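Using the numbering used here, the first residue of the sequence shown is number 10, and each one after it goes up by one.
Built from N, CA and C at the ideal position, the CB exists for glycine as well.
All of these numbers come straight from a predicted model, not from anything done at the bench.
The block underneath contains the structure these notes are about, expressed in structure tokens.
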Amino acid sequence: MLTQAPKGTKDLLPQDAYRFQAVEAVEKRIAERAGYREIRTPVFEHTELFLRGVGDTTDIVQKEMYTFTDKGDRSITLKPEGTAGAVRALVEHSLYAGPLPVKMYYVNNPIFRYEAPQSGRLREHHQFGCECFGAAEPSCDAELISIAVDVLKGLGLDNLVVNINSIGCPECRRVYHEKLRAFLSQRLDKLCETCRGRFEKNPLRILDCKVESCQKQLEGAPSILDCLCDECAAHFEGLKANLDALEIPYSVDPRIVRGLDYYTRTVFEIARQTENGTQAVCGGGRYDGLVEQIGGPKLPAMGFGMGVERVLMLLEQSGITIPEPRHYDVYVAALGAEARIPALKLTTGLRRAGVKSEMDHAGRSLKAQFKHADKVGAPYIFIVGGDELARGTVKLRNMETKEECEIPLENAVENMKERI
């Protein structure tokens with residue numbers, strides 16, 4: 010199938026790229042205003058990074074990772090999420106040795122998960138995300154939630170729902186695991202095979218199961234919020250106080266655990282309320298133990314990820330249109346073979362001056378060049394050649410009004426800069 014993209018992948022065509030670019034521009038602008046700087050990590054990492062960080066009981070590791078053995082007999086995995094790679098880069102390059110917190114963001118970050126393709130989520134999709142290292146206060150949690158909300162609102166999305174929870178520290182979860190196991194022990198035979206395997210190793214993952222029969226068995230399950238230690242409870246109250254101060258409405262949902270094992274304390278999801286229910290668009294949380302787990306120092310951290318394709322889907326569903334930019338300011342038409350080199354020089358000069366310009370490279374007639382200029386939407390056309398070229402001038406035509414004027418060739422670039 011040489012002429013068909015693999016299932017779950019999608020080409021980004023030139024006529025559609027501007028929509029991605031517009032979303033990414035908003036994401037970058039808002040992240041950079043808060044002091045976040047861009048990081049780009051490899052598309053693939055050593056598999057062990059995800060086994061240790063994401064967790065071997067998660068759906069991502071058990072079912073969704075693209076893992077292969079390379080020619081050096083090393084196990085390699087295409088990135089199933091963005092945080093682990095950012096943490097690896099932080100540790101490898103000792104970024105924590107500089108001023109803290111270390112704030113980084115990524116855009117157009119390719120993510121690979123083998124799952125059933127669905128609207129807004131493909132096997133290869135792209136994420137925007139922010140990661141903050143070295144900030145322990147709940148104000149950091151609120152800042153990141155605020156950034157995510159500001160991005161979505163900045164793109165025009167409304168009816169946003171922010172759901173928060175705390176899954177505590179390892180000690181909180183040890184207490185909760187005992188309570189959850191006691192609750193599920195009488196329902197174990199009704200759980201799916203995957204969740205029965207999680208029962209002893211990591212029962213918290215059962216809360217994240219999407220199988221309907223498992224969700225039914227969780228009705229009436231104990232809440233992890235009742236098992237928080239004093240410090241984790243205080244942190245969660247601090248998060249709520251900070252969100253209240255920022256006037257960000259939120260709901261507490263004790264069933265949110267996120268699909269990754271590295272989370273601690275704060276976890277959150279942002280969804281959009283629609284006529285057909287809520288559609289998740291962003292999620293994240295705190296991961297205070299991950300840096301140390303991967304080999305770095307003990308360092309608190311917080312972050313989130315947001316699917317770009319999912320954002321674009323919600324924009325389309327909301328009737329929000331991203332205006333298509335004008336591709337050319339002027340078209341340079343050559344009248345005859347002797348005018349082609351002067352036309353190329355003028356076109357190049359315009360481009361170097363910041364003017365988006367195009368010329369004919371197909372040997373079209375002047376009439377055909379006019380038609381082509383109209384097709385590509387150029388509002389002006391320079392006509393190079395004939396008597397005007399002999400006089401050192403060019404003819405400029407306004408494609409909308411059809412008005413024409415003659416201007417010196419040496420002034421053509423500056424003249425066009427003034428017009429646009």
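Quick one: Cα of residue i to Cα of residue j, how far?
i, j, result
"Asp396", "Asp167", "59 Å"
"Asn251", "Ala421", "57 Å"
"Thr92", "Glu47", "13 Å"
"Leu375", "Ala343", "7 Å"
"Ser155", "Phe313", "11 Å"
"Val70", "Leu21", "28 Å"
"Phe192", "Lys210", "16 Å"
"Ala31", "Glu202", "44 Å"
"Leu164", "Glu318", "13 Å"
"Ile120", "Gly294", "18 Å"
"Val290", "Val320", "7 Å"
"His135", "Met315", "8 Å"
"Thr12", "Leu227", "46 Å"
"Arg267", "Asp217", "7 Å"
"Glu412", "Arg406", "6 Å"
"Ala145", "Thr18", "38 Å"
"Val160", "Ile279", "12 Å"
"Glu101", "Ile39", "27 Å"
"Leu355", "Tyr27", "27 Å"
"Asp338", "Ile392", "14 Å"
"Ala254", "Cys139", "22 Å"
"Thr273", "Arg61", "15 Å"
"Thr287", "Leu169", "9 Å"
"Ala352", "Pro23", "26 Å"
"Arg400", "Arg428", "23 Å"
"Cys141", "Tyr45", "8 Å"
"Pro179", "Gly298", "9 Å"
"Pro334", "Glu347", "33 Å"
Could you tell me if residue i is buried or exposed, where buried requires 16 or more neighbouring beta carbons within 10 angstroms of its beta carbon?
i, result
"Ser84", "exposed"
"Asp270", "buried"
"Pro9", "The structure shown has nothing for residue 9, since the chain only spans 10 to 429."
"Ile350", "exposed"
"Asn118", "buried"
"Cys204", "buried"
"Gly64", "buried"
"Pro212", "buried"
"His244", "buried"
So that I know if they touch, is there some Cβ in chain D lying closer than 8 Å to that of residue i?
i, result
"Tyr105", "Among the chains in the structure shown there is no chain D, since it carries only a single protein chain."
May I ask you to report which of helix, strand or coil DSSP gives residue i?
i, result
"Gly372", "coil"
"Gln13", "coil"
"Lys112", "strand"
"Thr56", "helix"
"Cys241", "helix"
"Ser327", "coil"
"Lys199", "helix"
"Gly186", "What sits at residue 186 in the sequence shown is His, not Gly. Correct three-state label for His186: helix."
"Tyr337", "coil"
"Leu1", "Since the first residue shown for the chain is 10 and the last is 429, residue 1 is missing from the structure and cannot be characterised."
"Gly3", "What the structure shows of the chain is the stretch from 10 to 429, and residue 3 is not part of that stretch, so it cannot be assessed."
"Leu430", "The requested residue 430 is not part of the displayed model; the chain covers only 10 to 429."
"Arg130", "strand"
"Leu213", "helix"
"Cys414", "strand"
"Ala342", "strand"
"Ser232", "coil"
Give me, in chain order, the residues of the same chain whose beta-carbon lies closer than 7 Å to that of residue i; leave out the 5 immediate sequence neighbours on both sides.
i, result
"His336", "Lys365, Val385, Gly386"
"Gln67", "Note that residue 67 is Thr in the sequence shown, not Gln. Only Arg214, Gly268, Leu269, Asp270 meet the Cβ criterion."
"Phe59", "Val70, Met74, Thr86, Pro89, Ala93"
"Lys307", "Glu301"
"Cys236", "Gly177, Cys181, Val184, Tyr185, Lys188"
"Ala446", "With the chain covering only 10 through 429, there is no way to say anything about residue 446."
"Lys37", "Val116"
Return the chain-ordered list of same chain residues with a C-beta closer than 8 Å to the C-beta of residue i, the five sequence neighbours on each side being excluded.
i, result
"Lys16", "Pro126, Arg132"
"Ser148", "Gly247, Asn251"
"Ile329", "Leu164, Gly165, Leu166"
If I measure Cβ to Cβ from residue i and keep anything under 6 Å in the same chain, skipping five residues before and after, which residues do I get?
i, result
"Asn174", "Asp262, Pro263, Ile265, Val276"
"Ala98", "Thr50"
"Tyr340", "Glu367, Ala382, Ala387, Ile390"
"Ala230", "Phe192"
Only counting runs of 4 or more residues, tell me where the alpha helix (DSSP H) segments fall wholly within the segment 138–172, in order along the chain. 147–163
Suppose only complete runs of 4+ residues qualify. What are the alpha helix (DSSP H) ranges in the segment 254–314, listed by chain order? 299–303
Contained beta strand (DSSP E) runs [length at least 3] in the segment 349–394, N- to C-terminal order: 366–368, 389–394
Please list the segments of the alpha helix (DSSP H) lying wholly inside the segment 61–124, counting only runs of 4 or more residues, in order along the chain. 92–101
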